[in-house]
Amino acid sequence: MAEVAVNLVLEKLISFLNEEMQLLRDFHTEVVDIKLELHFISSFLRDADARAATQENNECVKTWVRNIREVAYSIEDVVDEYMLYVAKHRDDHGFLAFLKKIAGYIWSFKGNREMVSKIQELNRSVHEIGNKRRRLDINFTDRGGSSRGHVDPRAGLYFVEKDALVGIESSRDELVGRLNGGESMRTVIALVGMGGLGKTTLAKKLYDDIKVHFDCYAWVTVSQSNDMVERLRTMIRRFHEAKKELPPDRINDVTDAEELISKCREYLQYKRYVVVFDDVWDEQFWQVIQSALPENNNGSRIIITTRSLGVAEFCKQSCLVHVHKLQHLSLQMAQDLLCRTAFRFDQQKDCPDNLKCLSFDIARKCDGLPLAIIAIGGLLSSKGKDVFEWTRLCDDLSKQMKSNPHLAHVKTILSFSYQDLPHHLKSCFLYVGVFPRSHHIRVKKLIRLWIAEGLVKENQEMTLEETANAYLTRLINRSLVQVEWIDSTGKARSCRAHDLIHEVLLSKLEELNLIQSPQASCNSGARYLWIDNNRVCDLSRRNGNFQTHSIICFKLQQLHEPIFERLSSNFELLRELDFENAPFEYLPEEIGNLWHLRYLSLRDSKVKMLPKSIGKLHNLLTLDLKGSFVAEIPDEVRNLCKLQYLGAYSVDYDNPYTINSDQGVRIGGSVIGSLGSLEKLYYVDFQSQNGEHFGRELRRLKRLRKLGITKLKSDCGEALCGAIKQMYHLHALRISAVKEDEVLELESMSPPPSLQRLRLQGRLVKLPGWISELENLVKISLHWSRISDDSLKILGDLPKLIEFWLYEGYNGVELQFEQGKFQKLKHLALRRLYKLEKVVIGRGCLPSLETLGIGPSPLLQEVPTNIGNLECLKNLEFHNMPKEFAKKILPSEGPDYWKVKGISNVGIHYTDRRLCCESYKLGDFRLRQYLYQT
Numbered sequence: 001m002a003e004v005a006v007n008l009v010l011e012k013l014i015s016f017l018n019e020e021m022q023l024l025r026d027f028h029t030e031v032v033d034i035k036l037e038l039h040f041i042s043s044f045l046r047d048a049d050a051r052a053a054t055q056e057n058n059e060c061v062k063t064w065v066r067n068i069r070e071v072a073y074s075i076e077d078v079v080d081e082y083m084l085y086v087a088k089h090r091d092d093h094g095f096l097a098f099l100k101k102i103a104g105y106i107w108s109f110k111g112n113r114e115m116v117s118k119i120q121e122l123n124r125s126v127h128e129i130g131n132k133r134r135r136l137d138i139n140f141t142d143r144g145g146s147s148r149g150h151v152d153p154r155a156g157l158y159f160v161e162k163d164a165l166v167g168i169e170s171s172r173d174e175l176v177g178r179l180n181g182g183e184s185m186r187t188v189i190a191l192v193g194m195g196g197l198g199k200t201t202l203a204k205k206l207y208d209d210i211k212v213h214f215d216c217y218a219w220v221t222v223s224q225s226n227d228m229v230e231r232l233r234t235m236i237r238r239f240h241e242a243k244k245e246l247p248p249d250r251i252n253d254v255t256d257a258e259e260l261i262s263k264c265r266e267y268l269q270y271k272r273y274v275v276v277f278d279d280v281w282d283e284q285f286w287q288v289i290q291s292a293l294p295e296n297n298n299g300s301r302i303i304i305t306t307r308s309l310g311v312a313e314f315c316k317q318s319c320l321v322h323v324h325k326l327q328h329l330s331l332q333m334a335q336d337l338l339c340r341t342a343f344r345f346d347q348q349k350d351c352p353d354n355l356k357c358l359s360f361d362i363a364r365k366c367d368g369l370p371l372a373i374i375a376i377g378g379l380l381s382s383k384g385k386d387v388f389e390w391t392r393l394c395d396d397l398s399k400q401m402k403s404n405p406h407l408a409h410v411k412t413i414l415s416f417s418y419q420d421l422p423h424h425l426k427s428c429f430l431y432v433g434v435f436p437r438s439h440h441i442r443v444k445k446l447i448r449l450w451i452a453e454g455l456v457k458e459n460q461e462m463t464l465e466e467t468a469n470a471y472l473t474r475l476i477n478r479s480l481v482q483v484e485w486i487d488s489t490g491k492a493r494s495c496r497a498h499d500l501i502h503e504v505l506l507s508k509l510e511e512l513n514l515i516q517s518p519q520a521s522c523n524s525g526a527r528y529l530w531i532d533n534n535r536v537c538d539l540s541r542r543n544g545n546f547q548t549h550s551i552i553c554f555k556l557q558q559l560h561e562p563i564f565e566r567l568s569s570n571f572e573l574l575r576e577l578d579f580e581n582a583p584f585e586y587l588p589e590e591i592g593n594l595w596h597l598r599y600l601s602l603r604d605s606k607v608k609m610l611p612k613s614i615g616k617l618h619n620l621l622t623l624d625l626k627g628s629f630v631a632e633i634p635d636e637v638r639n640l641c642k643l644q645y646l647g648a649y650s651v652d653y654d655n656p657y658t659i660n661s662d663q664g665v666r667i668g669g670s671v672i673g674s675l676g677s678l679e680k681l682y683y684v685d686f687q688s689q690n691g692e693h694f695g696r697e698l699r700r701l702k703r704l705r706k707l708g709i710t711k712l713k714s715d716c717g718e719a720l721c722g723a724i725k726q727m728y729h730l731h732a733l734r735i736s737a738v739k740e741d742e743v744l745e746l747e748s749m750s751p752p753p754s755l756q757r758l759r760l761q762g763r764l765v766k767l768p769g770w771i772s773e774l775e776n777l778v779k780i781s782l783h784w785s786r787i788s789d790d791s792l793k794i795l796g797d798l799p800k801l802i803e804f805w806l807y808e809g810y811n812g813v814e815l816q817f818e819q820g821k822f823q824k825l826k827h828l829a830l831r832r833l834y835k836l837e838k839v840v841i842g843r844g845c846l847p848s849l850e851t852l853g854i855g856p857s858p859l860l861q862e863v864p865t866n867i868g869n870l871e872c873l874k875n876l877e878f879h880n881m882p883k884e885f886a887k888k889i890l891p892s893e894g895p896d897y898w899k900v901k902g903i904s905n906v907g908i909h910y911t912d913r914r915l916c917c918e919s920y921k922l923g924d925f926r927l928r929q930y931l932y933q934t
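Quick note on numbering: UniProt numbering labels position 740 of the sequence shown as 740, and the sequence is numbered without any gaps.
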């Protein structure tokens, strides 16, 4: 964990030295000296962190690591304080500034002396830490191995009682079939999932069931050891032991990997073999081991358990691979497993009635993780049926997971995944723990906070956001972060840490002195701070300097005015300020004093206006105003030359189905042209008074990836098209006309080839021809387009189109989906097509369609005849269709029921005048009552 702190400081020092060379005359040498010594120390830190985490009694190592961490934070604070000091003097202008400058010469001399003194003291501290390592002979050369006398807590997972085999029956039966039958070629079965999910348990059950059908078999536990020679030796020995044969002579003396690979290949050449590699951590293991396993077309099988999807994907380069992702137990299964374990010594193994509610509460807190359920059940088995003991454990489970020796191995096993991460992913993963337990985190919010905190490395080939997305994908593939919501095009939109992983993260954040949770007393050194209703009162009363970087609000019901004064005076090093859903109506001028601020969110707040001091936030990267009441962006925003994300619109909840339900903000053309770093901008009103000028300024935003334009008038269409022509990297575009019957003049557009998402709101005489060139388009939405010709058919040939929305987008009587078209489309919505009488689905069309929504279309007479031929269709939804239409598809009596009876989920929805929606499933008796009521 010190590795995270030191590497972040090293990156900051390198940037600091490059940017502030002229300002470091007095202590440039000192800073360089610190950097060099930290580089040297960092080479030991990965092993030191791991050793400190696993060796309970090694206090020397723990103290050394803690000292490094504390000094690293101090260095970071001094650098930030110095940059703030310089910025304050740079920003002064005018005669008053001249007077300040005279006083500044006096103070700067004193300030520099103080800074030099601080740097020198830190330099001495860093060198003392290095000397202490040498005096104590703290060396770490056993990377990945276990220390002498240290027992790996995973060792016992190989031996599992029958009572622990819950929820794997269907998986086991399917996988046994793949292992015993299937292809004759060598095949890998990869069991993937987070630590403690039961991969080893399932692999052991499979192995025991099938090994008798193979000529030879072996089980090899890999874990995090890098000793490939020993792994090869172990595999050869196990193959021979399984056949009750003596291993090759002097096998333990062979140290050459190629010789061992040759011996293994020779032994297996004509055999049908099965081998299990349990707990594989990296791709390099497979790169070596697969050479020892010959492809002899005898139906040989390899089972791999891993926490990393990347390992399984890597195997596909040289082998046929089936990936099986383990799922968390349902609450019912978790409670069943808990009771089986807790009452394993009872004959009936049943949970008494007075403990059932408690058993469900405990099972829910385990979040479907078998490792934790079995460990807690084992502890409860020693408590008998004492309600008091069960209640105490349930109420205090988080503390018990940290302190109870019977449960300590759970945290240790879950921590292995964290320890295996490179330092840049460790710091990002730790930030996930800042959010509350079970909290669903918006992916975009998380990666922007990572960027603001400086956790994402610069990459010349990708933007910071693209790099951050890659980081998150790696954490997901390592089974550390769970995806909670994936949109219709397959993009992850929200995520979270498993509840017990969150406990691990919270523990490490507290150990690092990074987190300030609502329950703890105020700590001036904590980097990340939660604010709830209790803490906001506390903050508004406190004085003193805080080194906090992030303040994130959760479910605030009130906000005390003095908090803003405290933020500007006591939290000068603040980088991220998240006031999402905060109940305040204005942002005071003091916000401009937070020079280090990089992330400011007022999303869904009641703020109506931004202060002019917002222009002082020269380091701001993200300004999130979505869902607020801000209608106009002040001209001072032109000074935010680093701004990458500006999201701003208000929502008219009284008119949700109109073209102006999402209202963009007004912003001056010259202001927009100054924001050259912007990558995402939405929604802004297109200024019709001076459309040409606004368009010229807009085209200067050549780095834009996402653009949303509102209130576009017909005569400004050409100016907008000219601007978009310069946006080579644009991948999401939304254009909304000033009113629903305003024609969108977009024929002259030359769209960027990377465009993936397109939403057009307003009249279209016909679908613009350039849309047929969008080979990367995955989603298109046409609202109030009212197209009446057959120009929609060009969409059928788009090779990557997954989602298609028509919302009052078609005025024709008949809508045809031609034969063989829309091959990749998964989601189709035909909403509010009031003139539509017939839908025709051609043969071989829409083969991938999973979801279809229709209505209201009062003139539509019947369900499309060929809808039953759409083999992938899972969800069919009808909205506000005439009752006579719905009666036709009722089971047993409807003449069109045969068309939809093969679709697994058919829903019918009706909305009343109060916009309250009632939903029915086909076959619901309430639906029949509704349809036949007078």
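Where a beta carbon is used, it is the ideal one built from N, C-alpha and C, also for glycine.
**Q.** Opening and closing residue of the alpha helix (DSSP H) in which Arg-178 lies
**A.** As a first step, residue 178 must be located in the sequence shown, where it is residue number 178. Run containing Arg-178: 169-180, per the alpha helix (DSSP H) assignment.
Q) CA-CA distance, Glu-510 and Asp-532? A) Position 510 of the sequence shown holds residue 510. Position 532 of the sequence shown holds residue 532. Taking the straight line from one Cα to the other gives about 18 angstroms.
Q: Measure the beta-carbon distance from Leu-232 to Leu-260 and round it to whole angstroms, keeping in mind my assumption that it falls under 8 angstroms.
A: Numbered from 1 along the sequence shown, position 232 holds the residue referred to as residue 232. Numbered from 1 along the sequence shown, position 260 holds the residue referred to as residue 260. Their Cβ separation, rounded to whole angstroms, is 4 angstroms, which keeps Leu-232 and Leu-260 in contact under 8 angstroms.
Q. DSSP on Tyr-105, reduced to helix/strand/coil?
A. What you label residue 105 is simply residue 105 of the sequence shown in a count that begins at 1. With a pLDDT of only 42 at Tyr-105, under 50, the local geometry of the prediction cannot be trusted, and the value read off the model is given with reservation. Helix at Tyr-105.
Q: Hey, could you find the ends of the alpha helix (DSSP H) Thr-200 is sitting in?
A: Translated into the one-based positions of the sequence shown, residue 200 becomes position 200. Taken as a continuous stretch (DSSP letters only), the alpha helix (DSSP H) holding Thr-200 covers 199-210.
Q | Complete runs of the beta strand (DSSP E) confined to the stretch 218-252 [at least 3 residues] | A | none
Q | Contact between the stretch 327-339 and the stretch 219-228 (3+ Cβ pairs under 8 angstroms) | A | no
Q.
Taking only three categories from DSSP, how would you classify Phe-95?
A. By one-based count along the sequence shown, residue 95 stands at place 95. Here the model assigns Phe-95 a pLDDT of 41, short of 50, so the residue's position is not dependable, and the following value carries that caveat. Note: Phe-95 maps to helix in three-state DSSP.
(Q) Pop quiz: Ile-303 and Val-323 are said to be a contact at Cβ under 8 angstroms. What is the actual Cβ separation, rounded to whole angstroms? (A) As a working note, residue 303 is residue 303 in the sequence shown. As a working note, residue 323 is residue 323 in the sequence shown. Between Val-323 and Ile-303 the Cβ distance is about 12 angstroms, and since that is not below 8 angstroms, they are no contact.
(Q) Could you compute how far the alpha carbon of His-502 sits from the alpha carbon of Leu-472? (A) As a position in the sequence shown, residue 502 is number 502, starting the count at 1. As a position in the sequence shown, residue 472 is number 472, starting the count at 1. Looking at the two C-alpha atoms, the distance is approximately 16 angstroms.
Q: Rank Ala-203, Ala-723 and Ile-735 by C-alpha distance to the C-alpha of Lys-711 and give the top, closest one.
A: Taking the first residue of the sequence shown as position 1, residue 711 is located at position 711. Selected option, being the one with the closest Cα: Ile-735.
Q. DSSP beta-bridge partners for Thr-911?
A. Looking up residue 911 in the sequence shown gives position 911. Per DSSP, Cys-917.
Q | Test item: CB-CB of Leu-730 and Leu-678 under 8 angstroms | A | Locating residue 730 in the sequence shown gives position 730, counting from the first residue. Locating residue 678 in the sequence shown gives position 678, counting from the first residue. Their beta carbons are not under 8 angstroms apart, which means Leu-730 does not touch Leu-678 by this criterion.
Q. Which of the three DSSP states, helix, strand or coil, is assigned to Asn-905?
A. Position 905 of the sequence shown, counting from 1, holds the residue named residue 905. Correct three-state label for Asn-905: strand.
**Q.** Residues near Ala-723 in its chain [Cβ-Cβ closer than 7 angstroms; skip 5 each side]
**A.** Start at 1 with the first residue of the sequence shown, and residue 723 comes out as number 723. Gly-695, Leu-698 and Arg-699.
Q) Any idea what DSSP makes of His-324, helix, strand or coil? A) Sequence index remark: in the sequence shown, residue 324 carries index 324 (1-based). It is a strand residue.
**Q.** C-beta atoms of Ser-359 and Leu-338 nearer than 8 angstroms
**A.** As a working mapping, residue 359 is identified with position 359 in the sequence shown. As a working mapping, residue 338 is identified with position 338 in the sequence shown. Cβ atoms of Ser-359 and Leu-338: closer than 8 angstroms.
Q: Taking only the alpha-carbon atoms, compute the straight-line gap between Lys-88 and Ser-569 and give it to the nearest angstrom.
A: Position 88 of the sequence shown, counted from the start, is the residue given in the question as residue 88. Position 569 of the sequence shown, counted from the start, is the residue given in the question as residue 569. If I take the Cα positions, the gap works out to 14 angstroms.
Q | Where the beta strand (DSSP E) through Cys-264 begins and ends | A | Taking the first residue of the sequence shown as position 1, residue 264 is located at position 264. Where Cys-264 is concerned, there is no enclosing beta strand (DSSP E), although the alpha helix (DSSP H) it sits in stretches over 257-268.
Q) Lys-100 by DSSP, collapsed to three states: which one? A) Taking the first residue of the sequence shown as position 1, residue 100 is located at position 100. With a pLDDT of only 47 at Lys-100, under 50, the local geometry of the prediction cannot be trusted, and the value read off the model is given with reservation. The answer is helix: DSSP assigns Lys-100 an H, G or I state.
**Q.** Bridge-paired residues (DSSP) for Trp-805
**A.** As a first step, residue 805 must be located in the sequence shown, where it is residue number 805. Per DSSP, Ser-781 and Ala-829.
Q | Limits of the alpha helix (DSSP H) - the one that Ala-452 falls within | A | Here residue 452 is taken as the residue at index 452 of the sequence shown, counted from 1. Note, Ala-452: alpha helix (DSSP H), 443-452.
Q. Are Ile-903 and Leu-873 close, meaning C-beta to C-beta below 8 angstroms?
A. What you label residue 903 is simply residue 903 of the sequence shown in a count that begins at 1. What you label residue 873 is simply residue 873 of the sequence shown in a count that begins at 1. The answer is yes: Cβ separation under 8 angstroms.
Q) Which of helix, strand or coil does DSSP assign to Ser-650? A) Translated into the one-based positions of the sequence shown, residue 650 becomes position 650. Ser-650 falls in the strand class under three-state DSSP.
Q | For Tyr-810: DSSP bridge partner residues | A | Within the sequence shown, residue 810 is the residue found at index 810, counting from 1. Tyr-810 pairs with Ile-787.
Q. If we call anything under 8 angstroms between Cβ atoms a contact, is Ile-633 one with Val-671?
A. What you label residue 633 is simply residue 633 of the sequence shown in a count that begins at 1. What you label residue 671 is simply residue 671 of the sequence shown in a count that begins at 1. Closer than 8 angstroms, so yes.
Q: Could you tell me if Tyr-834 is buried or exposed, where buried requires 16 or more neighbouring beta carbons within 10 angstroms of its beta carbon?
A: For the purposes of this step, residue 834 is identified with residue 834 of the sequence shown, where counting begins at 1. By the 10 Å Cβ count, Tyr-834 comes out exposed.
Q. Helix or strand or just coil, what does DSSP make of Gly-368?
A. In the sequence shown, the residue the question calls residue 368 occupies position 368. Coil, per DSSP.
Q. Can you tell which of Lys-821, Leu-852 and Tyr-273 has its C-alpha closest to the C-alpha of Gly-842?
A. In the sequence shown, counting from the first residue as 1, residue 842 sits at position 842. It is Lys-821 whose Cα lies nearest to the Cα of Gly-842.
Q | Nearest neighbour of Lys-779, chosen from Tyr-920, Arg-786 and Gly-796 [CA to CA] | A | In the sequence shown, counting from the first residue as 1, residue 779 sits at position 779. When only C-alpha atoms are compared, the closest one is Gly-796.
Q.
So the candidates are Gly-615, Ala-372, Glu-128 and Trp-485; which of them puts its Cα closest to the Cα of Leu-414?
A. Numbered from its first residue, the sequence shown carries residue 414 at position 414. Comparing Cα positions, the closest option is Ala-372.
Q | Whether Leu-801 touches Leu-782 by CB criterion (8 angstroms) | A | In the sequence shown, the residue the question calls residue 801 occupies position 801. In the sequence shown, the residue the question calls residue 782 occupies position 782. Not a contact, by the Cβ cut-off of 8 angstroms.
Q.
Along the chain, where does the alpha helix (DSSP H) containing Gly-669 start, and where does it finish?
A. As a working mapping, residue 669 is identified with position 669 in the sequence shown. That run of the alpha helix (DSSP H) goes 669-673.
(Q) Here's the rule I'm using: 16 or more other beta-carbon atoms within 10 Å means buried, otherwise exposed. How should Ser-403 be labelled? (A) Residue mapping note: residue 403 aligns to position 403 of the sequence shown, counting from 1. Under this definition Ser-403 is an exposed residue.
Q: Flag this pair as touching only if the stretch 860-880 and the stretch 889-900 have three or more C-beta atom pairs under 8 angstroms; answer yes or no.
A: yes
Q: Assess, as a yes-or-no matter, whether the stretch 446-454 is touched by the stretch 392-410 under the definition of 3 or more beta carbon pairs within less than 8 angstroms.
A: no
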